[in-house]
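Colleague: Counting in the numbering used here, the sequence shown tops out at residue 498, every number present. Sharing a structure with you now.
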Amino acid sequence: PQVAHPEAARPFASKVADIRSVPDDRILVLSLRKLRGRGPSLDVVVEWVGNRWNAVVVETGTRTIRHVLVPRDKGPSPRRPGASLPLPDGNRRQGEREPLDLSTWKGLLLPPPPEERQGVLLRNVAYTSSLNAAPLLGRAMEEVSGTSVERELEKGWELWLRLRSLDPPIPTLIRTPRGPQPYPHPLDAPGYEHEGAESLLDAFSRARELDAPDRPSVLLPPGLMEALEEEANRIRRRLSSLRKELSEAPDPVPLRAKGDLLLARFGQIPRGAEEAKLTDFDGEEVQVSLDPALPPHENASRYYDRAGRAERARSRLPGRVREEERKLEELLEVMEGVQDGALDADEARRRAKLSSSHPRRRAGRGEEGGPTLPYRRYRSTGGLEIRVGKGAGANDDLTFHHSRPDDVWLHARHAQGAHVILRFDGPGSPPPRDLAEAAVLASLHSKARTSGTVPVDWTRRKYVRKPRKAPRGAVSPDRVETVFVEPDPELEERLRDE
């Protein structure tokens with residue numbers, strides 16, 4: 001039958017390809033087949049688990065939660081966007097595949113003392129839980145005569161068979177001490193009140209009204225949450241890169257010691273050698289790798305340069321790591337506030353520094369569905385636009401299709417990195433401060449970003465050409481001048497214009 005969709009519901013360009021239940025668990029999985037668009041396929045996981053009932057949209061492969069009906073942060077497996085939702089493959093208890101006969105049932109439950117029977121039941125018999133254990137055991141958990149225990153166990157076995165087969169199901173809403181519980185069959189036990197329901201979905205809806213009438217419902221704002229998740233993933237990638245760079249920064253002490261040793265043992269190094277075994281100042285033999293094309297003093301200078309870069313990286317990167325960790329923590333707080341209904345969309349975007357024009361752009365598309373721009377946009381202190389290429393292919397596109405002939409082109413010297421365009425077509429040289437800020441961005445978006453000082457070449461874009469058969473991002477600039485700048489991540493944040 002046709003039903004009215006909630007206002008916050010989000011349609012998926014998918015159809016249901018498969019429905020399966022997890023054996024011996026109250027979990028239903030609806031696999032969706034995408035009809036159009038890119039991105040991972042999705043599953044809708046419905047959990048009918050006591051006071052943790054929920055409906056969750058997850059990516060099929062990674063099991064990453066995309067949307068959640070009722071956000072929950074407690075427990076070993078939280079239900080919130082970005083968390084993982086591993087699915088169990090069953091509990092491997094007896095009776096999961098084939099029903100137990102009465103003799104096996106009694107053989108399990110008759111020998112233990114009354115106070116231990118519930119534990120034995122839950123550990124060994126499929127489709128049992130703390131919810132239905134009391135109705136299944138009845139007075140068998142009490143000190144009663146042997147004949148009465150056997151009759152109680154036989155009644156419990158018959159109920160277990162009905163619950164296992166659900167032929168026919170009798171949807172009901174059970175009022176348990178832990179809260180309302182939708183259930184496919186009435187349970188008769190002290191403290192269990194139940195009322196009939198038209199269907200399990202009807203029982204589910206009524207349980208929700210009773211359990212959390214004021215909780216924010218249905219799907220979270222999808223465009224906003226996807227934008228927040230995308231921003232969080234961007235910070236995580238940057239954080240991972242910084243941590244890797246820090247972990248790979250070598251110890252500068254032995255590097256500098258090798259430079260000292262090369263200068264001290266200058267005369268002992270054979271010409272054109274690729275390595276040399278030298279005795280250090282403590283009498284120990286040290287093997288030193290060399291560039292055979294360079295004399296010993298230039299090899300020593302290389303060791304000093306490497307030591308300096310390592311020292312600067314070890315000095316600067318911990319602060320940058322802490323800053324990214326702070327940003328991620330603040331963003332996760334914003335996401336939690338959205339999930340809990342404590343923040344509206346505008347406040348969340350403001351705190352997360354997102355553009356108010358979101359929903360998130362689709363991958364590979366830009367404004368109004370057009371192509372994605374090949375650059376990030378910044379604004380200099382003097383008000384000039386600065387464009388920073390997003391990669392090798394994007395560098396070519398930025399330089400030759402998204403700049404004017406008289407714009408200023410910049411690139412960190414002798415280092416892989418982004419092309420940078422300073423939008424300036426006035427007479428003479430660009431303003432020194434604006435040029436320096438564009439050069440800082442070029443240094444930050446290059447392999448030299450951990451150096452103390454970075455030389456950045458600049459020229460007018462019309463003097464940059466693309467040699468034939470040159471790889472992506474490789475160009476040949478002419479009439480080049482050079483400025484020396486210090487990479488400053490805080491400046492990048494101040495100049496960001498997106």
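Note that the Cβ used here is the ideal one computed from N, Cα and C, for glycine as well.
1. Rounded to whole angstroms, what is the Cα-Cα separation between Ile162 and Asp101?
2. For Arg265, which residues in the same chain have their Cβ closer than 7 Å to its Cβ, ignoring the five residues on either side in sequence?
3. Decide if Gly382 is buried, meaning its Cβ has at least 16 other Cβ atoms within 10 Å, or exposed.
4. For Gly61, collect the residues of the same chain with a Cβ closer than 7 Å to its Cβ; drop the 5 residues on either side in sequence, then sort them by chain order.
5. Just the C-alpha distance for Val56 and His185, rounded to the nearest angstrom, thanks.
6. How about Ala293 and Gly259: are their beta carbons less than 8 Å apart?
7. Just grab the DSSP bridge partners of Asn54 for me.
8. Within its chain, find whatever has a CB closer than 7 Å to the CB of Arg545; leave out the 5 residues flanking it on each side and keep chain order.
9. If I'm right that Arg479 touches Arg404 with Cβ under 8 Å, what's the distance once you round it to whole angstroms?
10. Who are the near neighbours of Leu121 in its chain, counting only those whose CB is closer than 7 Å to its CB and skipping five residues on each side?
11. Using only the alpha-carbon positions, how far apart do Pro190 and Leu131 sit?
12. For Leu444 and Val408, what's the separation of their Cα atoms in angstroms?
13. Sort Asp24, Leu30, Pro23 and Ala83 by Cα distance to Ala232 and report the nearest one.
14. In terms of residues, what are the limits of the beta strand (DSSP E) holding Val68?
15. Look at the alpha carbon of Glu325 and the alpha carbon of Glu347, and state the distance between them as a whole number of angstroms.
16. Keeping to the same chain, check which residues put their C-beta closer than 6 Å to that of Ala503; ignore five residues upstream and five downstream.
17. Rank Leu166, Pro168 and Pro111 by C-alpha distance to the C-alpha of Met141 and give the top, closest one.
18. Whole angstroms is fine: what's the gap from Glu98's alpha carbon to Leu228's?
19. In angstroms, rounded to a whole number, what distance separates the CA positions of Asp291 and Glu275?
20. For Glu368, count neighbouring Cβ atoms within 10 angstroms of its own Cβ and tell me buried if that reaches 16, exposed if not.
21. Taking the DSSP output, what are the residues bridged to Ile421?
22. Alpha helix (DSSP H) containing Ala276: first to last residue?
23. Under three-state DSSP, which class holds Ser357?
24. Within 10 angstroms of the Cβ of Gly272, are there 16 or more other Cβ atoms? Answer buried if so, exposed if not.
25. If Glu245 and Leu332 are in contact, beta carbons under 8 Å, what's the gap, nearest whole angstrom?
26. Tell whether a beta-carbon distance below 8 Å holds between Leu410 and Leu422.
27. Note down, in chain order, each residue of its chain lying with its Cβ closer than 6 Å to the Cβ of Arg215, except the 5 sequence neighbours on either side.
28. Only counting the same chain, and skipping five residues up and downstream in sequence, which positions put a Cβ closer than 8 Å to that of Arg20?
29. Please name the residue in Arg351, Thr147, Ser148 and Gly95 whose C-alpha comes closest to that of Asn124.
30. Could you tell me the distance, in whole angstroms, from the CA atom of Gln416 to the CA atom of Met225?
31. Which residue from Glu385, Leu42 and Arg309 puts its Cα closest to that of Val68?
32. Within 10 Å of its beta-carbon, does Ala394 have 16 or more other beta-carbons around it, so buried, or fewer, so exposed?
33. Quick check on the burial criterion: 16 or more other C-beta atoms within 10 angstroms. Buried or exposed for Tyr463?
34. Helix or strand or just coil, what does DSSP make of Gly196?
35. With 16 other CB atoms within 10 Å as the buried threshold, where does Thr482 fall?
36. When DSSP labels each residue in this structure, what does Ser301 get in the three-state scheme?
Modeller: Quick answer:
1. Stepping through the sequence shown from its first residue, residue 162 is reached at position 162. Stepping through the sequence shown from its first residue, residue 101 is reached at position 101. Per the sequence shown, residue 162 should be read as Arg rather than Ile. Each residue's Cα considered, the two are about 13 Å apart.
2. The residue given as residue 265 occupies position 265 in the sequence shown. Excluding positions up to five away in sequence, the list reads Leu278.
3. The residue given as residue 382 occupies position 382 in the sequence shown. Flag for Gly382 reads exposed.
4. As a position in the sequence shown, residue 61 is number 61, starting the count at 1. Answer for Gly61: Pro40, listed in chain order.
5. Against the sequence shown, residue 56 aligns to sequence position 56. Against the sequence shown, residue 185 aligns to sequence position 185. Each residue's alpha carbon lies about 24 Å from the other.
6. Within the sequence shown, the letter at position 293 stands for residue 293. Within the sequence shown, the letter at position 259 stands for residue 259. It is not a contact, given that the beta carbons lie outside the stated cut-off.
7. Locating residue 54 in the sequence shown gives position 54, where the first residue counts as 1. Its beta-bridge partners are Glu47.
8. With the chain covering only 1 through 498, there is no way to say anything about residue 545.
9. Position 479 of the sequence shown, counted from the start, is the residue given in the question as residue 479. Position 404 of the sequence shown, counted from the start, is the residue given in the question as residue 404. Contact flag wrong, Cβ pair sits at about 17 Å.
10. As a first step, residue 121 must be located in the sequence shown, where it is residue number 121. Taken in chain order, the residues that qualify are Leu109, Thr128, Ala133, Leu136 and Leu137.
11. Reading the sequence shown from its first residue, position 190 is the one you call residue 190. Reading the sequence shown from its first residue, position 131 is the one you call residue 131. Approximately 12 Å, taken between the alpha carbons.
12. Position 444 of the sequence shown, counting from 1, holds the residue named residue 444. Position 408 of the sequence shown, counting from 1, holds the residue named residue 408. Spanning the two alpha carbons is a distance of roughly 17 Å.
13. As a working mapping, residue 232 is identified with position 232 in the sequence shown. Measuring from the Cα of Ala232, the nearest candidate turns out to be Ala83.
14. On the sequence shown, position 68 is the one that residue 68 refers to. Per DSSP, Val68 belongs to the beta strand (DSSP E) from Ile65 to Val68.
15. Stepping through the sequence shown from its first residue, residue 325 is reached at position 325. Stepping through the sequence shown from its first residue, residue 347 is reached at position 347. In a straight line, the C-alpha of Glu325 is about 21 Å away from that of Glu347.
16. Outside the shown range of the chain, which is 1 to 498, sits residue 503, and nothing can be said about it.
17. Numbered from its first residue, the sequence shown carries residue 141 at position 141. Checked all of Leu166, Pro168 and Pro111; the closest Cα to Met141 is Pro111.
18. By one-based count along the sequence shown, residue 98 stands at place 98. By one-based count along the sequence shown, residue 228 stands at place 228. Spanning the two alpha carbons is a distance of roughly 47 Å.
19. Taking the first residue of the sequence shown as position 1, residue 291 is located at position 291. Taking the first residue of the sequence shown as position 1, residue 275 is located at position 275. When rounded, the distance between both Cα atoms is 8 Å.
20. Mapped onto the sequence shown, residue 368 falls at position 368. In this prediction, Glu368 scores a pLDDT of 39, lower than 50, which makes its location untrustworthy; the coordinate-derived value is nonetheless stated afterwards. Burial call: exposed.
21. Residue mapping note: residue 421 aligns to position 421 of the sequence shown, counting from 1. In the DSSP output, where bridge partners are listed per residue, Ile421 has Arg387 and Trp409.
22. Here residue 276 refers to the residue found at position 276 of the sequence shown. Taken as a continuous stretch (DSSP letters only), Ala276 belongs to no alpha helix (DSSP H), being part of the beta strand (DSSP E) at Glu275 to Thr279.
23. Residue numbering aside, residue 357 sits at position 357 when the sequence shown is read from its first letter. Here Ser357 scores only 45 on pLDDT, less than 50, and its place in the model is too uncertain to base an answer on.
24. Counting from one through the sequence shown, the residue named residue 272 turns up at place 272. Exposed.
25. For this step, residue 245 is matched to residue 245 along the sequence shown. For this step, residue 332 is matched to residue 332 along the sequence shown. Not really, about 23 Å apart at Cβ, beyond 8 Å.
26. Numbered from 1 along the sequence shown, position 410 holds the residue referred to as residue 410. Numbered from 1 along the sequence shown, position 422 holds the residue referred to as residue 422. Cβ atoms of Leu410 and Leu422: closer than 8 Å.
27. Within the sequence shown, numbered from 1, the residue matching residue 215 stands at position 215. Legend: pLDDT at Arg215 = 47, less than 50; position of this residue unreliable, value from coordinates given subsequently. Within the same chain, Arg215 has no close Cβ partners at all.
28. On the sequence shown, position 20 is the one that residue 20 refers to. Cβ within range, chain order: Leu28, Val29 and Ser31.
29. As a working mapping, residue 124 is identified with position 124 in the sequence shown. Out of Arg351, Thr147, Ser148 and Gly95, Gly95 has the C-alpha closest to the C-alpha of Asn124.
30. Sequence index remark: in the sequence shown, residue 416 carries index 416 (1-based). Sequence index remark: in the sequence shown, residue 225 carries index 225 (1-based). Cα-Cα distance, rounded: 34 Å.
31. Residue numbering aside, residue 68 sits at position 68 when the sequence shown is read from its first letter. For Val68, the nearest C-alpha among the options comes from Leu42.
32. Along the sequence shown, read from residue 1 onward, the residue named residue 394 stands at position 394. That one is buried.
33. Start at 1 with the first residue of the sequence shown, and residue 463 comes out as number 463. That one is exposed.
34. By one-based count along the sequence shown, residue 196 stands at place 196. Here Gly196 sits in strand by DSSP.
35. Within the sequence shown, residue 482 is the residue found at index 482, counting from 1. Exposed.
36. For the purposes of this step, residue 301 is taken as the residue at position 301 of the sequence shown. Note: Ser301 maps to helix in three-state DSSP.
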